[in-house]
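Residue numbers (the working numbering), protein chains in the order written: chain R, 205 to 465; chain P, 6 to 440.
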C-alpha cells in the first residue's frame, strides 16, 4: 500500500510530463490536416449515419431515439477501444525513449489514456446538441456522469497497463487485440439494446463489464435515471481489480522493457 | 559525500534465438509442458561495486562489449540490475543519445518542452531556461520550424543544448561528443568543463581516451563485465592499452582479402565506422580501388611487428614492416614498388617508392616479395590506410595498383609522451634562464 501511494505521488509529480505528452500527441495528430480535430468528431458522426441507415431503414429495428441510444454506447466504446489499441503500442513503439532515457514507464500508457479521454470528452460536442435536438430530458442524474467516466477511465487504464506491458514481449498480442476488439464490440449493447439478448443468456451476457458501463451511460443520459448502487459497486470493484492487476503486471515487467523493445 | 553507490551489481542479458519471443513459442511450450531454451544468457556486468563522490568527473573505459554502456544505463535506471543495490542521490540526466524522443513534426521550441519534461523538469524550470537553451543551440532563426527540416547537426545541437542546460546534479553521457562539427564539439566540452567547475558530478563513457584523460578525475576500466582497474586516468588508460595488445594484438593478423573474420575481431575494439569501411572495401569495393595491366599482380600485403609477428596494431615509434607479395606473369624489367599511407580521414602522410628511395630492382619473374620497413613509425594514435602499387620504371603506367586497401592501427606508446597532432618528431628541449 505504501509503495502504491509512493507511486501515485511520483506520477502526480510528473503531471507536467503527462500534460506535455498528451499535448504532443494531440498536436502531432492534427498538425497539417485542414479539418484538424474535426476529424475526431466526424468519425462518430459518420458511424452514426451508417448505423442509423442500417438499423432504421434496412434492418428496421425500432429503437427510440436511435441516435442518442447509439452515441451513449459508441462514444464510451471508442474511448475504450482506441485506448487499448494505441496503448498496446505505447511501450513497444517508443524504443527510443525506453532505451535512452529514464522516467517512470507508467507515464506512457497513462498519457495514452488521457489522450483518448480528451478525445472522448471532445465528442460530447456531438452528444450535447443531439440531446437537445431529440429533446431528451436531462436532470440531476447528470451529476453521476463524471463519476461514471472516472470509473471507466480506471478500467481502461488497468487494461492498457496489461496490454502495453505484455505486447513488449509478445508481439502477437496486438494482432489478437484487433480481432478481439471486433468481437467485443458485438458483445456490447452498442447497436442493440440488452433486451434483445434472450433472457436465459442475459445473466452470462452481463459478465461483460463493458455492457454494464454502457447500461449506466444510457440510464444517465437517456432515461435521466441514477444507475443502481449495485451497478456502481460492481464497476468500481472490477475497475480497481483491473487497475491493481494491470499495474502489478506492468511493474514486474517494466524492468525488462529497455532490453527487450 | 557519495552521490552514486553501487554494491555488488550484476546484470544478465538474454540473447534470444529469434528477435521477438513469439506468442507461438509460449503456446507450444505450454502444450509440450516444458520450456525450450529460448535464449543464451551472458553476464554483461559482474559484481560491480563502486562509489562516486559528489563533484567527481569519472570516466568509464573498456572495449566494446566490456559493459561500460550497460553500467551507465544501470546507473541511469534505464536497465535494472539482476543483483545488487544502487543508491543515487540527486537528479540525474542521461545523455545516451541526443534528441531521443524528438518529434519530427513539431517545432524546435515544442520539442524543447517535451524533451526537457521527459528528462524530468517542470514547466517553471523549462521556462526559466528556454532562452539559454535556444541561444546555446544557435538555432534562434529556426526554433519555430518543425525539426524535420533540421539537418542532423542542428538536431544534435538542440539535443545537447537541452540536456546540458536543464541543470542536473549528475550527468551521465555516452560518447555524445563524437557528433557535431568541431566548433560545436568544443563548445560542448567547454560546457561540460564548466559543469564540472560548478561541482557537478559527471560520468563519462568514451573511446576518446584523450578527452577522458583531460577531463576525468578518476577512471574505471571494465573488461568483460568486470571492473578491473579503478584509479588515475593515466594508470587506467595504460592498463587498457596493455589489455588491448595482450588480448587482440596477436589475433589481429594482417588484413587479407578473405579474412573477414579477423576484421570482425578487430571491430570489437576499434571504432565501428572505420571497420565498417574497411570491411566493405575488402569485400565489395575492392575491385574499384584496383587498377593496372596486371602483368605483375600483388597477391598479398601483410604487416609485421618488431618481433616479426604478423599484426596490424602498432605503438607509436615502433618498427613496422609491410610485406608485399607479388607474382609476375612474365619477365618485367625495372619495376618500381611503392606504397602510400593515408590517415583514415584522408590526410596523405607519405608515399615513397623504391625508385625515389634509390633502390633499384633489375628484373622480376614469378613470385616474390618486397619489404617496406619503417624502424620508428612516428605516427600517432589512429587508423591508417595503406596503398600498395607496382609501376613500370617511368612511374606512369601501373602494373597493379591497390588504392587505400589495407588498414592498420597505431595506439599510444606510454614511453612516448607525444599525443597531439599527426606524427611524433623526436626532439629535445632546452631552457636558459636570463640569470
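All C-beta atoms, glycine included, are put in the ideal place defined by N, C-alpha and C.
Note down, in chain order, every chain R residue with its Cβ under 9 Å from the Cβ of residue 89 of chain P.
To locate residue 89 of chain P, count along the second chain from 1; it is residue 84. Those do not exist, as residue 89 of chain P stays about 14 Å from chain R at its closest Cβ, beyond 9 Å.
For the structure I just gave you, are there three or more beta carbon pairs, one from the segment 396-405 of chain P and one from the segment 413-421 of chain P, closer than 8 Å?
no
Around the C-beta of residue 382 of chain P, are 16 or more other C-beta atoms found within 10 angstroms, so that it is buried, or is it exposed?
What you label residue 382 of chain P is simply residue 377 of the second chain in a count that begins at 1. Buried.
Taking the alpha helix (DSSP H) that residue 237 of chain P falls in, what are its first and last residues?
Walking along the second chain from the start, residue 237 of chain P turns up at place 232. Where residue 237 of chain P is concerned, there is no enclosing alpha helix (DSSP H), given that its DSSP letter is neither H nor E.
Residues in the same chain with beta-carbon distance under 7 Å from residue 114 of chain P, minus the five sequence neighbours each way, listed in chain order, please.
As a first step, residue 114 of chain P is located in the second chain; it is residue number 109 there, counting from the start. 148 and 149.
Tell me where the alpha helix (DSSP H) around residue 465 of chain R begins and ends.
On the first chain, residue 465 of chain R is found 261 positions in, with the first residue counted as 1. It is not in any alpha helix (DSSP H) - residue 465 of chain R carries neither H nor E in the DSSP assignment.
Which residues does DSSP list as the beta-bridge partners of residue 375 of chain P?
Stepping through the second chain from its first residue, residue 375 of chain P is reached at position 370. DSSP lists P:329 as partners of residue 375 of chain P.
Considering residue 58 of chain P, what are the terminal residues of the beta strand (DSSP E) in which it resides?
Stepping through the second chain from its first residue, residue 58 of chain P is reached at position 53. Counting along the chain, the beta strand (DSSP E) containing residue 58 of chain P begins and ends at 44-58.
Please state the DSSP three-state secondary structure of residue 263 of chain P.
Along the second chain, read from residue 1 onward, the residue named residue 263 of chain P stands at position 258. With a pLDDT of only 35 at residue 263 of chain P, under the threshold of 50, the placement of this residue in the model should not be trusted; the figure read from the coordinates follows. DSSP places residue 263 of chain P outside both helix and strand once states are collapsed to three, so it counts as coil.
Count the other CB atoms within 10 Å of the CB of residue 384 of chain R; is the residue buried (16 or more) or exposed (fewer)?
Numbered from 1 along the first chain, position 180 holds the residue referred to as residue 384 of chain R. Exposed is the call here.
Between the segment 137-160 of chain P and chain R, which residues of the former have a C-beta closer than 7 Å to a C-beta of the latter?
none
Figure out for me which residue from R:323, R:273, R:364 and R:413 has the closest Cα to the Cα of residue 230 of chain R.
Your numbering for residue 230 of chain R matches position 26 in the first chain. When each option's Cα is compared against that of residue 230 of chain R, the closest is R:323.
Is it buried or exposed for residue 296 of chain P, if we count other Cβ within 10 angstroms and need 16 for buried?
If you number the second chain from 1, residue 296 of chain P lands on position 291. Residue 296 of chain P is exposed by the Cβ-count criterion.
Since residue 405 of chain P sits in a beta bridge, which residues does DSSP pair it with?
Along the second chain, read from residue 1 onward, the residue named residue 405 of chain P stands at position 400. In the DSSP output, where bridge partners are listed per residue, residue 405 of chain P has P:395.
Taking only beta-carbon positions, decide if residue 211 of chain R is within less than 8 Å of chain A.
Looking for chain A here will not work: the only protein chains present are R and P.
What is the DSSP secondary structure of residue 207 of chain R, reduced to helix, strand or coil?
For this step, residue 207 of chain R is matched to residue 3 along the first chain. Correct three-state label for residue 207 of chain R: helix.
Could you check the C-alpha separation between residue 463 of chain R and residue 125 of chain P for me, to the nearest Å?
Taking the first chain and counting its residues from 1, the one referred to as residue 463 of chain R is at position 259. Taking the second chain and counting its residues from 1, the one referred to as residue 125 of chain P is at position 120. In a straight line, the C-alpha of residue 463 of chain R is about 22 Å away from that of residue 125 of chain P.
Name the two residues that bound the continuous beta strand (DSSP E) containing residue 472 of chain R.
Missing from the structure shown is residue 472 of chain R; chain R here goes from 205 to 465 and no further.
Can you look up residue 434 of chain P in the DSSP assignment and give me helix, strand or coil?
Translated into the one-based positions of the second chain, residue 434 of chain P becomes position 429. Residue state, collapsed to three classes: coil.
Is residue 209 of chain P closer than 8 Å to residue 62 of chain P when the C-beta atoms are compared?
For this step, residue 62 of chain P is matched to residue 57 along the second chain. For this step, residue 209 of chain P is matched to residue 204 along the second chain. Yes; because the gap between Cβ atoms is below 8 Å, this pair is in contact.
Indicate the three-state DSSP secondary structure (helix, strand or coil) for residue 414 of chain P in the structure shown.
Here residue 414 of chain P refers to the residue found at position 409 of the second chain. Here residue 414 of chain P sits in strand by DSSP.
Select from P:222, P:377, P:228 and P:165 the residue whose C-alpha is nearest the C-alpha of residue 201 of chain P.
For the purposes of this step, residue 201 of chain P is taken as residue 196 along the second chain, with counting starting at 1. Ranking the options by Cα distance to residue 201 of chain P, first place goes to P:222.
Using a Cβ-Cβ cutoff of less than 6 Å, which residues in the same chain neighbour residue 99 of chain P once the five nearest sequence positions on both sides are dropped?
As a first step, residue 99 of chain P is located in the second chain; it is residue number 94 there, counting from the start. The answer, listed in chain order, is 81 and 177.
Inspect the beta-carbon positions of residue 320 of chain R and residue 287 of chain R and report whether they are closer than 8 Å.
Taking the first residue of the first chain as position 1, residue 320 of chain R is located at position 116. Taking the first residue of the first chain as position 1, residue 287 of chain R is located at position 83. Yes.
May I ask which residues mark the beginning and end of the alpha helix (DSSP H) holding residue 283 of chain R?
Translated into positions along the first chain, residue 283 of chain R becomes position 79. Segment 270-291, the alpha helix (DSSP H) holding residue 283 of chain R.
When you compare only the Cα positions, how much space is there between residue 221 of chain R and residue 175 of chain P?
Translated into positions along the first chain, residue 221 of chain R becomes position 17. Translated into positions along the second chain, residue 175 of chain P becomes position 170. Per the coordinates, the alpha-carbon of residue 221 of chain R lies some 20 Å from the alpha-carbon of residue 175 of chain P.
How many angstroms separate the CA atom of residue 57 of chain P from the CA atom of residue 6 of chain P?
Within the second chain, residue 57 of chain P is the residue found at index 52, counting from 1. Within the second chain, residue 6 of chain P is the residue found at index 1, counting from 1. Their backbone Cα atoms lie some 9 Å apart in a straight line.
Determine the chain P residues that contact residue 301 of chain R at a beta-carbon separation under 8 Å, and present them in chain order.
For the purposes of this step, residue 301 of chain R is taken as residue 97 along the first chain, with counting starting at 1. Within 8 Å Cβ-Cβ: 105, 106 and 123.
Give me the residue from R:442, R:371 and R:208 with the minimum Cα distance to residue 411 of chain R.
Counting from 1 along the first chain, the entry for residue 411 of chain R is found at position 207. Nearest C-alpha to residue 411 of chain R: R:442.
With distances taken from CA atoms, which of R:404, R:455 and R:226 is nearest residue 207 of chain R?
Position 3 of the first chain, counted from the first residue, corresponds to residue 207 of chain R. Of the candidates R:404, R:455 and R:226, the one whose C-alpha sits nearest the C-alpha of residue 207 of chain R is R:455.
Per DSSP, what kind of secondary structure is residue 301 of chain P in: helix, strand or coil?
The sequence position of residue 301 of chain P within the second chain is 296, counting from 1. Residue 301 of chain P: strand per DSSP, three-state reduction.
Could you give the residue range of the beta strand (DSSP E) that holds residue 100 of chain P?
Looking up residue 100 of chain P in the second chain gives position 95. Residues 97-100.
With a cut-off of 8 Å on the beta carbons, I'd call residue 328 of chain R and residue 446 of chain R a contact; round off their distance for me.
For this step, residue 328 of chain R is matched to residue 124 along the first chain. For this step, residue 446 of chain R is matched to residue 242 along the first chain. Their Cβ separation, rounded to whole angstroms, is 25 Å, which puts residue 328 of chain R and residue 446 of chain R out of contact at 8 Å.
Taking the alpha carbon of residue 340 of chain R as the point to measure from, which residue in R:368, R:276 and R:257 has its own alpha carbon closest?
Taking the first chain and counting its residues from 1, the one referred to as residue 340 of chain R is at position 136. Ranking R:368, R:276 and R:257 by Cα distance to residue 340 of chain R puts R:276 first.
Is residue 292 of chain P helix, strand or coil when you go by DSSP?
Mapped onto the second chain, residue 292 of chain P falls at position 287. Residue confidence is low: residue 292 of chain P scores 43 on pLDDT, short of 50, so the model does not pin down where it sits. Its coordinate-derived value is still stated next. If DSSP states are grouped into helix, strand and coil, residue 292 of chain P belongs with the helices.
Any beta carbon of chain P sitting closer than 8 Å to that of residue 224 of chain R?
Taking the first chain and counting its residues from 1, the one referred to as residue 224 of chain R is at position 20. Yes - at least one Cβ of chain P is within 8 Å of the one on residue 224 of chain R.
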